[in-house]
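Written out below as structure tokens is the structure these notes cover.
Numbering (our numbering), first residue to last: 130 to 1002.
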């Protein structure tokens, strides 16, 4: 009974706790109109988002509720900006969760949001501070998770350490006499030494306590005394005592704290969270026995590293942090802008020292201060000479300006000079002297026209056109320069289209090449890495652009022949290429690439065979393969041929594979180096392979475009015809052949001419028949010449209810297809042969006629009946 009551009490406590938490969350959301966004830390913004989500609201709904409850539009905008800035740390995250989303998406969003907040915590050690708190100089000192002010207890006890109640005192006597004592200071401040009695050391330093203990032990160990002692004493502190310190005033966590007796003021301030937003960092007081014993200035530690007032605390000390008296703000290009606490005798120089000084872009001659008076606001200018004498007032806002983004003595030159850029203007500098300073004109400079851009005092632009050639030669007056002048000297090539020539066809490297004067066709072919083996050096065609032609001529065509070894000839020199010429190198008429067909199956010599002539037929290749062996089944022979969708290897790809094979076979194994000739060959192969890789990428792009064009003719097939589409775009297809007639009548219409990649497949004698499609039990049966179509269907269990018997067909071993014929009400099924496959298709699905269709038919019949009735009457 008691256990049940305890279980019920725990369950009720959990329910009540959850209810209280939910009320707290709801209350915090309901009071959103009173929020000051600038006073919220990133962690508080995160909690606000999570509480809104727990109430079923997303961010947009949260903003809408805030506006409805009277939150100012400016605060709503700040809230939206803070949320967006929080979530833009790594990725765009949608934090809102609408009730319509599925649970999986909500969990995913929560995990992504949690990852963003985790990353923010890791990147910002002051994640839990508000922007206002981060601006206060010194505030982050006691909130840095990486900074620890805990006292070091592993160092030797200082000689000036004051002993007190609870300290462990260890005394070692060594020398002529030896002894060890382990004592603890009593609440009365005494330690008890055996055979000596109590000794009062409370409130004494370690050094004083050592002398007292030595004098007391001298009564027993006489060797401790005298000018030449032979016994010695060491006193040290073991476990130190704990003290209690009261932290009061403007602290984040005021209270009474238990600290080690080594602790100082900074240790206590760290535990108390440091001064709060209105707490002083400059006048922290330490009281002992109602008397002031120290004053801490945190700024002195932060700026100078001075811990003068950071005294060691004692039991029952009181540390008081009073409110600030004077706090000012410093903005602009300084090293540490923010809020600073200033003492009465400090000036602007001290304030700038706290801020780390001016940045390089700061305007140091003038600082603007905005301050409050009894009735309104006021702005004052403080010049550099008054920084020492200006009196700082609480609430002042000091603004440091930036230097102007303008140059006092700059001129610029761009374009066809050797050193374009910015230069300092000197007295009486002219255009010619600026060009000399920039290294002079380049050879491609267009000196007949240059442009000088000049900025007028009213910031309008003025353009001066200059003839640099005349100025440099002294035939024109040189132009004096002014501040911010920009001299632009164009290049000859900037004023005309870039010249090039192009080559296509049977060369190793097609494309566009740089044009050069006096370039011939042979020069261009040399740049294109020479002829391919298939190229013809005769009838090379040059297409040249036509200018000013209105008679309909598009291009001028020239034909030239050059030496196949690229030797220089007079005929070649007679035709000089011009810009934009396009050279076409044709394939040699007598060049034929190797074409291979394959014979597989029951022949004496299966494998690949190179076609000897263009009209070579099946019978010719079978003769070269040794003919059929004793196990061949001629009726099942098929021809497999590539379609236009077959992905053939490009010429570049084939050459690349050949070069890779050559490369592998040249490299020697073990530790033997290649011969010099082999090394040079490897270098040439590497260069050629790099070139072929580039050409292969270009060819592959062209093939992709051609493939997409080839498939366009089948785009009329919809999704319902996906099977037909798949069949239509296969890369290989079977062609039914009658091998018996081919062998008996070589060269006849049955004996097909072979193409590259053809595969002649001759199977063994087949002994089975397959049944597929709409049969009850699709299976494969042994062939029996006495059985017909229906008998094989029976062996497969018969037709299904969805079978379309009249459309059944047979696929024979050689790829031929015969369908079922119908005459009146009778089906005449195909003959079955070894290796055949019976296919029974499915009846097409018929949609039942809708009610609207029946009504339409009935209406039509009624109308027809009325019409017939009227005609008959």
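Each residue gets a CB set at the ideal place from its N, CA and C atoms; glycine is no exception.
Bear in mind that the values here come from a model prediction, so they are computed numbers and not experimental data.
Top-ranked residue by Cα proximity to residue 214, from 175, 977, 263, 965: By alpha-carbon distance to residue 214, the top candidate from 175, 977, 263, 965 is 175.
Local conformation of residue 241 per DSSP, three classes: Residue placement at residue 241 is poorly supported in this model, since its pLDDT is 43, which falls under 50; the coordinates still yield a value, given next. Residue 241: helix per DSSP, three-state reduction.
Secondary structure of residue 611, DSSP reduced to three states: coil
8 Å contact criterion, which residue 642 and residue 653 should meet: CB distance rounded: 6 Å
Ranges of the beta strand (DSSP E) found wholly within the region 386 to 449, counting only runs of at least 3: 413 to 417, 420 to 425
Residues near residue 647 by beta carbon distance below 7 Å, same chain, minus five either side: 705
Residue closest to residue 406, alpha-carbon to alpha-carbon, out of 589, 670, 259, 460: 259
Backbone secondary structure at residue 718 - three-state DSSP: coil
Three-state secondary structure assigned by DSSP to residue 623: helix
Straight-line gap, residue 370 to residue 439 (C-alpha atoms, nearest Å): 20 Å
Cβ-Cβ distance between residue 938 and residue 907 below 8 Å: no
With 16 other Cβ atoms within 10 Å as the buried cut-off, status of residue 397: buried
Beta-carbon proximity of residue 684 to residue 675, cut-off 8 Å: Yes, these two residues count as a Cβ contact at 8 Å.
Distance between residue 822 and residue 816 (C-alpha atoms, nearest Å): 10 Å
Cutoff 6 Å; reference residue 714; Cβ partners in own chain excluding five residues on either side: Cβ neighbours of residue 714 beyond the five flanking positions: 634, 635, 636, 664, 669.
Alpha-carbon spacing of residue 552 relative to residue 486, whole angstroms: 31 Å
First and last residue of the uninterrupted beta strand (DSSP E) at residue 456: In the DSSP annotation of this structure, the continuous segment of the beta strand (DSSP E) that includes residue 456 starts and ends at 456 to 460.
Run of the beta strand (DSSP E) containing residue 298, from where it starts to where it stops: 297 to 304
Close beta carbons around residue 303, own chain, < 7 Å, minus the five adjacent residues each side: 361
Outcome for residue 742 when other beta-carbon atoms lying within 10 angstroms are tallied against a minimum of 16: Residue 742 is exposed by the Cβ-count criterion.
Endpoints, beta strand (DSSP E) assigned at residue 582: Counting along the chain, the beta strand (DSSP E) containing residue 582 begins and ends at 579 to 584.
Residue 951: first and last residue of the uninterrupted beta strand (DSSP E) it sits in: 950 to 952
Sheet register partners of residue 509 (DSSP bridge): 498
Residue 900, buried or exposed, once every other Cβ within 10 Å from all chains shown has been counted against 16: buried
Sufficient close CB pairs (3 or more, under 8 Å) joining the region 416 to 430 to the region 347 to 355: no
Backbone secondary structure at residue 503 - three-state DSSP: Correct three-state label for residue 503: coil.
Spatial distance of residue 76 from residue 488 (CA atoms): There is simply no residue 76 to check, as the chain begins at 130 and stops at 1002 in what is shown.
Nonlocal neighbours in the same chain, by C-beta distance under 6 Å from residue 865, ignoring five residues either side: 943, 944, 945
Spatial distance of residue 491 from residue 388 (CA atoms): 46 Å
Inter-stretch contact at 8 Å, needing at least 3 Cβ pairs: the region 607 to 625 / the region 688 to 699: They do not touch, by the three-pair rule.
Identity of the residue in 385, 655, 602 nearest residue 697 by Cα: Each of 385, 655, 602 was checked against the Cα of residue 697, and the nearest Cα belongs to 655.
Close beta carbons around residue 512, own chain, < 7 Å, minus the five adjacent residues each side: 494, 495
Within-8 Å CB hit, residue 556 to chain B: Looking at the structure shown, chain B is missing, and only one protein chain is on hand.
Sequence ranges, alpha helix (DSSP H) only - wholly within the region 533 to 580, length at least 4: 560 to 566
Length at least 4, wholly inside the region 355 to 385: the alpha helix (DSSP H) runs in chain order: Listed in chain order, there is nothing to give.
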